[in-house]
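Per this note's numbering, the very first residue in the sequence shown carries number 34; after that it's consecutive. Ideal placement from N, C-alpha and C gives every residue a C-beta, glycine not left out. Since we're looking at a predicted model, the values are computed, not measured. To keep things clear, I will list the structure first and then write my remarks on it.
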Amino acid sequence: MNANDENYVLGYGGGAMDWMKSRTVEEHGAFLLPYLKPGQSLLDCGCGPGSLTVGFAQILNPGQVVGIDRETEQLAAAKAYANQHNLNNLHFETGDVYDLPFDDACFDVVFCSAVLGSVSKPEQVVREMVRVLKQDGVIAMKEFDHGGDIVYPQTPKLTHSIELYQRIRTEHGHEQRAGRRLREWLTKNNCSIEHTHASFDQRTTNTGLYDYIDRNNRLVDEILATRYIELGWATREDLDTHALEWERFARDPASLHASAWIDAVARKNTPTTE
Ligand SMILES: C[S@@+](CC[C@H](N)C(=O)[O-])C[C@H]1O[C@@H](n2cnc3c(N)ncnc32)[C@H](O)[C@@H]1O
34 MNANDENYVL GYGGGAMDWM KSRTVEEHGA FLLPYLKPGQ SLLDCGCGPG SLTVGFAQIL
94 NPGQVVGIDR ETEQLAAAKA YANQHNLNNL HFETGDVYDL PFDDACFDVV FCSAVLGSVS
154 KPEQVVREMV RVLKQDGVIA MKEFDHGGDI VYPQTPKLTH SIELYQRIRT EHGHEQRAGR
214 RLREWLTKNN CSIEHTHASF DQRTTNTGLY DYIDRNNRLV DEILATRYIE LGWATREDLD
274 THALEWERFA RDPASLHASA WIDAVARKNT PTTE
């Protein structure tokens with residue numbers, strides 16, 4: 034399995050990109066900060082538009098930081114963002130997380146965020162991440178877990194919209210509940226867990242919720258709608274109704290939307306000598 038054999042469901046429209054660009058190390062990557070020291074090298078697998086990668090490069094400077102992603106458009110956005118920060122310890126490369134273009138045991142820290150739930154063989158990706166990690170190095174990951182999301186009040190139209198999204202991910206062989214499996218994938222791949230934590234990414238203001246819903250509606254409109262219609266799962270009218278229902282949900286001060294995430298940090302075990 035490699036990147037050419039599977040589709041990335043979210044695509045690269047403005048909605049998806051805005052979503053990822055909003056992530057910062059201080060918030061989204063905070064769980065890893067206690068393990069980071071200037072001078073360490075770090076690989077960010079599936080770095081997307083690079084907001085986290087740039088944050089890591091600032092913290093680890095002069096340690097070398099590399100972001101890799103299969104998608105050149107993502108990397109162009111990442112490079113443009115990095116250029117605004119004047120860093121000379123950071124570069125981005127096109128690459129496949131199933132087949133990382135690096136020697137064994139060459140990074141102090143290997144990281145990924147929101148990638149293992151977007152590939153069809155996540156355990157294989159973890160094995161590859163561990164391969165390029167030094168002995169006793171730190172592997173860190175953060176993944177959503179759709180089994181824990183809270184949407185309230187969840188009307189039948191919202192339920193239908195959520196089901197379509199989950200169905201297309203399942204169709205691509207993606208794990209909806211990647212977060213809860215991080216410990217399993219790490220322990221199966223010769224790592225000892227040092228930390229795991231479950232949290233919710235909750236939109237606490239109505240403006241925050243409205244922006245989030247607007248990004249999701251754009252993501253469906255730009256990328257997913259055509260697929261849903263082609264597959265005969267929904268009509269254009271269904272999708273327009275869903276978008277309006279989500280907007281109504283976002284305007285209602287009683288609404289709650291919280292996405293479940295799990296983060297994990299582990300170390301690569303040193304081989305035992307007989
Ligand atoms: C949801 S985005 C996450 C981006 C970033 N890590 C973040 O958290 O903001 C997932 C990224 O993984 C990348 N990706 C998916 N499959 C990949 C593969 N096989 N090899 C390299 N990158 C991949 C996609 O191109 C996309 O940029």
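Near ligand 1: residue i beta-carbon under 7 Å from a heavy atom
i: Cys80; result: yes
i: Asp136; result: no
i: Ile128; result: The question names Ile, but residue 128 is Gly in the sequence shown. Under cutoff, so the answer is yes.
i: Glu104; result: yes
i: Ile201; result: no
i: Arg248; result: no
i: Tyr107; result: A small correction: the amino acid at residue 107 is Gln; Tyr does not occupy that position in the sequence shown. Yes.
Cβ pair residue i, residue j closer than 8 Å
i: Pro155; j: Ala231; result: no
i: Gly170; j: Phe144; result: no
i: Gly83; j: Ala110; result: yes
i: Lys301; j: Val163; result: yes
i: Asn116; j: Gly96; result: no
i: Gln73; j: Val159; result: no
i: Tyr243; j: Ala283; result: yes
i: Ser288; j: His205; result: no
i: Cys224; j: Val148; result: no
Residue range of the beta strand (DSSP E) that includes residue i
i: Trp218; result: Premise fails: Trp218 lies in the alpha helix (DSSP H), Leu215 to Lys221, not in any beta strand (DSSP E).
i: Thr127; result: Leu123 to Thr127
i: His230; result: Cys224 to Gln235
Three-state secondary structure assigned by DSSP to residue i
i: Val298; result: strand
i: Tyr198; result: helix
i: Ser151; result: helix
i: His207; result: coil
i: Lys54; result: helix
i: Val130; result: coil
i: His290; result: strand
i: Ser146; result: strand
For residue j and residue i, believed in contact at Cβ under 8 Å, the rounded distance
i: Asp102; j: Gly81; result: 6 Å
i: Phe125; j: Val165; result: That pair is no contact at about 16 Å.
i: Ala267; j: Asp178; result: Actually they are not in contact, since the Cβ atoms of Ala267 and Asp178 sit about 25 Å apart, beyond 8 Å.
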